[in-house]
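Trainee:
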Amino acid sequence: MCMKTIIRALLRSLAALSVVILLTVITANAQHYFAIWYDADVEKEWVGEDIYIVNENATLTVLGFEHIPPTERAGARVDIMVNIHGDAELPWHYDGNNYRLQYYQDGKWYVVGHPLAVPAVGANWMPAGDTVMRYRIPLTVLQQSGTFRLYVYPLGFCDVPGLNDTDGC
Numbered sequence: 000m001c002m003k004t005i006i007r008a009l010l011r012s013l014a015a016l017s018v019v020i021l022l023t024v025i026t027a028n029a030q031h032y033f034a035i036w037y038d039a040d041v042e043k044e045w046v047g048e049d050i051y052i053v054n055e056n057a058t059l060t061v062l063g064f065e066h067i068p069p070t071e072r073a074g075a076r077v078d079i080m081v082n083i084h085g086d087a088e089l090p091w092h093y094d095g096n097n098y099r100l101q102y103y104q105d106g107k108w109y110v111v112g113h114p115l116a117v118p119a120v121g122a123n124w125m126p127a128g129d130t131v132m133r134y135r136i137p138l139t140v141l142q143q144s145g146t147f148r149l150y151v152y153p154l155g156f157c158d159v160p161g162l163n164d165t166d167g168c
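When the letters of the sequence shown are read in order and numbered with numbering that gives the first Met the number 0, they come out as residues 0 to 168.
#1: Check Ile67 in the structure and name its three-state DSSP category.
#2: Starting from Leu202, trace the beta strand (DSSP E) both ways and give me its first and last residue.
#3: Mark Cys157 as exposed unless 16 or more other C-beta atoms lie within 10 angstroms of its C-beta, in which case mark it buried.
#4: From Met2 to Ala29, what distance separates their C-alpha atoms?
#5: Does the beta-carbon distance from Leu59 to Gly155 come in below 8 Å?
#6: Following the continuous beta strand (DSSP E) through Gly112, name the residue where it begins and the one where it ends.
#7: Between the alpha carbons of His189 and Val140, how many angstroms are there, rounded?
#8: Within 8 Å (strictly less), CB to CB, does Val111 reach chain B?
#9: Considering only residues of the same chain and omitting the five flanking positions on each side of Asn82, which have a CB-CB separation below 6 Å?
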């Protein structure tokens, strides 16, 4: 083998290693992208019980996003449109302000978004069947790449694609 070939191979290996290291550092510091960042499990300690209740009669599915332009009082936001299907014969009680957007990193879920000062929804009861609800989050949160999920108390979880991971958003 000629020396030039060996040097080229070493340079390519170093470049590949540099990219891996850079991506590792960026991923490790994901919390710096979010204004809100705390371990989802810590809420159990604050409340004294597991707040992440899952209703077996509810199925949550993200339908899409609606962009909300900035105003004098708030930056650009996005409403996550969620279809909530209830199999229950009776309506369930639901607090439309109690939701969390979570981000997955290093085997744990972190809260990165929750209700803004102005609630996006106002329903208290949902009948059995399908209901579409909106959950408002700052636009910059969902512009990050990664794995997101939405928790709606006391109904359950649904996966949420980031805006960079979907077509047409």
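For glycine and all other residues, C-beta sits at the position ideal for the given N, C-alpha and C. Predicted, not measured: the structure shown is a model, and the values here were computed from it.
Mentor: The relevant details are as follows:
#1: strand
#2: Residue 202 lies beyond the range of the chain shown here (0 to 168); nothing can be said about it.
#3: buried
#4: Annotation: Met2 to Ala29 spans about 41 Å, alpha carbon to alpha carbon.
#5: Cβ distance < 8 Å, so Leu59 and Gly155 count as in contact.
#6: Judged by DSSP secondary structure, Gly112 falls within the beta strand (DSSP E) whose first and last residues are Lys107 to Gly112.
#7: Residue coverage of the chain in this structure runs from 0 to 168, which leaves residue 189 outside it and unanswerable.
#8: Of the protein chains in this structure there is only one, and it is not chain B.
#9: Thr60, Leu62, Asp129 and Val131
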